[in-house]
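First the structure, in the form of structure tokens, and then the observations on it.
Protein chains: 2
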Amino acid sequence: MSFQLDQFLPYRLSIAAAEISSRFAARYAAEAGLSIPEWRVLAHLGHSGAVSVRDITQRVHLDKSVVSRAASRLQEAGYVAKSGHGKDRRLIVLQLTSQGEELMKRLAHVADGFQMDLLALLGEDAQAFKAGLTRLLERSDW
Amino acid sequence: MSFQLDQFLPYRLSIAAAEISSRFAARYAAEAGLSIPEWRVLAHLGHSGAVSVRDITQRVHLDKSVVSRAASRLQEAGYVAKSGHGKDRRLIVLQLTSQGEELMKRLAHVADGFQMDLLALLGEDAQAFKAGLTRLLERSDW
DNA sequence: TTCATAACGTTGCAAGTGCAACGGAGTCAA
DNA sequence: TTGACTCCGTTGCACTTGCAACGTTATGAA
């Protein structure tokens, strides 16, 4: 029996992730015209409060150039405000505007609903699936 | 409690998949200088035998332009042979060369080893994780 | 047969990404 | 204080991708 790509775990994981990301992306694209990096930056800012580009870069797994450009677009759209850091003037402090907060509140609902659909789909495998995901993410040092 | 991106299932899935794909891609890039689309095309051909670009496109979740270009690069590298289809002259039949078969044999070993590492990492969650993945992939009609 | 329609693989092109380089700013030892 | 080094966010650039054409070939109804 030869190697079967469609039984290969990394391949299946990759397809499933792409599929789900794309479906969810369609929802927030319809809601607010956001791209994936923009969604991630917005979502992180919603939880973190005021932070620098570097902080976001480290936490949302995006290159700093991507975060920089996403932040600029979010600023243009009025969802994010940029300001200087008082002590370290290399840093730029990003923060949601009230409009951004409002959008994030709506998107959090959308996201929660989406995740509930997903968990329902996983059914009895949901807990172990989440646990497995955690194992994969923790062992980031191979 | 506000929305937390790093607890959001689609996000975690996406990061884990990207991480694992990238680690595995590094292995076959080192072994044979292949890109992800090239690996997928090669792997599919190894199992399917002679098929058209369209067949591959449908099965490996890549745009036909990506498959077309990957196939051309694989042909240049001597791993794949293109030939015309006898009955339908729109079709191009792709097939591994003996060199391609040999490479695929080696890569199948690498892939199997990688998957075993992955399953070991998942431990007791492995079965349910695979089952969950199957559920996600089956329900592709939302 | 003829002609409109669809399917095949390739190619052109706009958009996004990752990497490297940049100017500006902070740090720390000499 | 100076000067070498590091870090910040932005920008330029090469590369890949997804989509829409295109030429060629097959299909099917009139």
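If you read the protein sequences in the order shown, they are chains A and B.
In case it helps, the working numbering puts the first sequence at residues 296 to 437.
In case it helps, the working numbering puts the second sequence at residues 296 to 437.
Using N, Cα and C, we set each Cβ at its ideal position, and we do this for glycine too.
In this text the structure is predicted, and so the values were computed from the model without any measurement.
Spatial neighbours of residue i in its chain, beta-carbon cut-off 6 Å, leaving aside the 5 residues before and after
i                      : result
residue 322 of chain B : 405
residue 376 of chain B : 390, 392
residue 365 of chain B : 332, 333, 336
residue 306 of chain B : 300
residue 320 of chain B : 331
residue 309 of chain B : none
Whole-angstrom C-beta distance between residue j and residue i, which should lie under 8 Å
i                      : j                      : result
residue 430 of chain A : residue 427 of chain B : That pair is no contact at about 13 Å.
residue 326 of chain A : residue 402 of chain A : 6 Å
residue 378 of chain A : residue 341 of chain B : Rounded, the Cβ-Cβ distance is 56 Å, inconsistent with contact.
residue 423 of chain A : residue 303 of chain B : Wrong, their Cβ atoms sit about 18 Å apart, outside the cutoff.
residue 434 of chain A : residue 416 of chain B : 6 Å
Run of the beta strand (DSSP E) containing residue i, from where it starts to where it stops
i                      : result
residue 341 of chain B : It is not in any beta strand (DSSP E) - residue 341 of chain B instead sits in the alpha helix (DSSP H) that spans 331 to 343.
residue 382 of chain B : Taken as a continuous stretch (DSSP letters only), residue 382 of chain B belongs to no beta strand (DSSP E), as it is neither H nor E.
Run of the alpha helix (DSSP H) containing residue i, from where it starts to where it stops
i                      : result
residue 392 of chain A : From DSSP, residue 392 of chain A is part of no alpha helix (DSSP H); its letter is neither H nor E.
residue 427 of chain A : 421 to 433
residue 370 of chain A : 359 to 371
residue 298 of chain B : Taken as a continuous stretch (DSSP letters only), residue 298 of chain B belongs to no alpha helix (DSSP H), as it is neither H nor E.
residue 319 of chain A : 304 to 327
Close beta carbons around residue i, own chain, < 8 Å, minus the five adjacent residues each side
i                      : result
residue 358 of chain A : 352
residue 349 of chain B : 359, 386
residue 388 of chain B : 345, 346, 347, 377, 378, 379, 380
residue 363 of chain B : 348
residue 315 of chain A : 413
residue 370 of chain B : 376, 377
Cutoff 7 Å; reference residue i; Cβ partners in own chain excluding five residues on either side
i                      : result
residue 421 of chain A : 414
residue 361 of chain B : 332
residue 394 of chain B : 373, 374
residue 368 of chain B : 333
residue 400 of chain A : none
residue 318 of chain A : none
Beta-bridge pairing of residue i - partner residues as DSSP gives them
i                      : result
residue 454 of chain A : The requested residue 454 of chain A does not occur in the structure, where chain A is confined to residues 296 to 437.
residue 376 of chain A : A/390
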